[in-house]
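Here's the structure we're looking at; comments come further down.
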Amino acid sequence: RRLETLRSLHAHTYEAVVWLRANKSIFKHTIHEPMIITVNVTNSADARLVEAHVSFNDLRSFICEDADDLDLFMRKVKNELKLRVNIVKAPSEPASSYQPRHPISYYKRYGFERYMQSLFTCPEPVMRFLCVQYKVHLIP
Numbered sequence: 001r002r003l004e005t006l007r008s009l010h011a012h013t014y015e016a017v018v019w020l021r022a023n024k025s026i027f028k029h030t031i032h033e034p035m036i037i038t039v040n041v042t043n044s045a046d047a048r049l050v051e052a053h054v055s056f057n058d059l060r061s062f063i064c065e066d067a068d069d070l071d072l073f074m075r076k077v078k079n080e081l082k083l084r085v086n087i088v089k090a091p092s093e094p095a096s097s098y099q100p101r102h103p104i105s106y107y108k109r110y111g112f113e114r115y116m117q118s119l120f121t122c123p124e125p126v127m128r129f130l131c132v133q134y135k136v137h138l139i140p
């Protein structure tokens, strides 16, 4: 279903996902499909919060763990297939290194019950990207 949604929203990204699934063996490490596919919001009522916080350009970005894979993927998808897609490299620090400044109890008096990071699950490199770019570990 998500892949079909992506197809209607951005055909080039959809085509790149299909190509990646057929060619993932040429890469040394995993290239993560766009967040619109890999991020799973735990409670559907929270989906709008996450979608509003992360830009559509990043939601459709592929996330690479390795710089050489990023270069190869870019050559194949952008140069050879002529697809207009976003590709980023995941930060190298583990996701566990991104911690909130205060326990969530500090914000309970303002009505917050959890940090944005706890509203969804995703592959660890994707979480690293979201922590660095969107500070999801700091936003109650």
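Per full-length UniProt numbering: the sequence shown = residues 1 to 140.
From the three backbone atoms N, C-alpha and C, an ideal C-beta is built for every residue, glycine too.
Taking C-beta separations shorter than 6 Å and ignoring five residues to either side along the sequence, the partners of Met127 in its chain run Ala95, following chain order. Here the C-alpha atom of Asp58 lies approximately 22 Å from the C-alpha atom of Pro100.
Per the coordinates, the alpha-carbon of Val88 lies some 20 Å from the alpha-carbon of Asn40.
With a cut-off of 8 Å on Cβ pairs, the stretch 43 to 58 is not in contact with the stretch 72 to 85, counting fewer than three such pairs.
Distances from the CA of Tyr14 to each of Ser25, Asp71, Val85, Asp66 were compared; the closest alpha carbon is that of Val85.
For Val17, the closest C-alpha among the options Tyr107, Gln117, Leu81, Leu130 is that of Leu81.
Residue state for Thr42 is assigned as coil, using DSSP reduced to three classes. Here the stretch 59 to 70 makes contact with the stretch 25 to 41; the two share three or more CB pairs at distances below 8 Å.
Nearest in C-alpha terms to Phe120, of all of Leu3, Val50, Tyr98, is Val50.
Within the DSSP bridge table, the entry for Ser61 names Asn86 as partners. With contacts defined as CB atoms closer than 9 Å, Tyr115 and Leu130 fail to qualify as a contacting pair.
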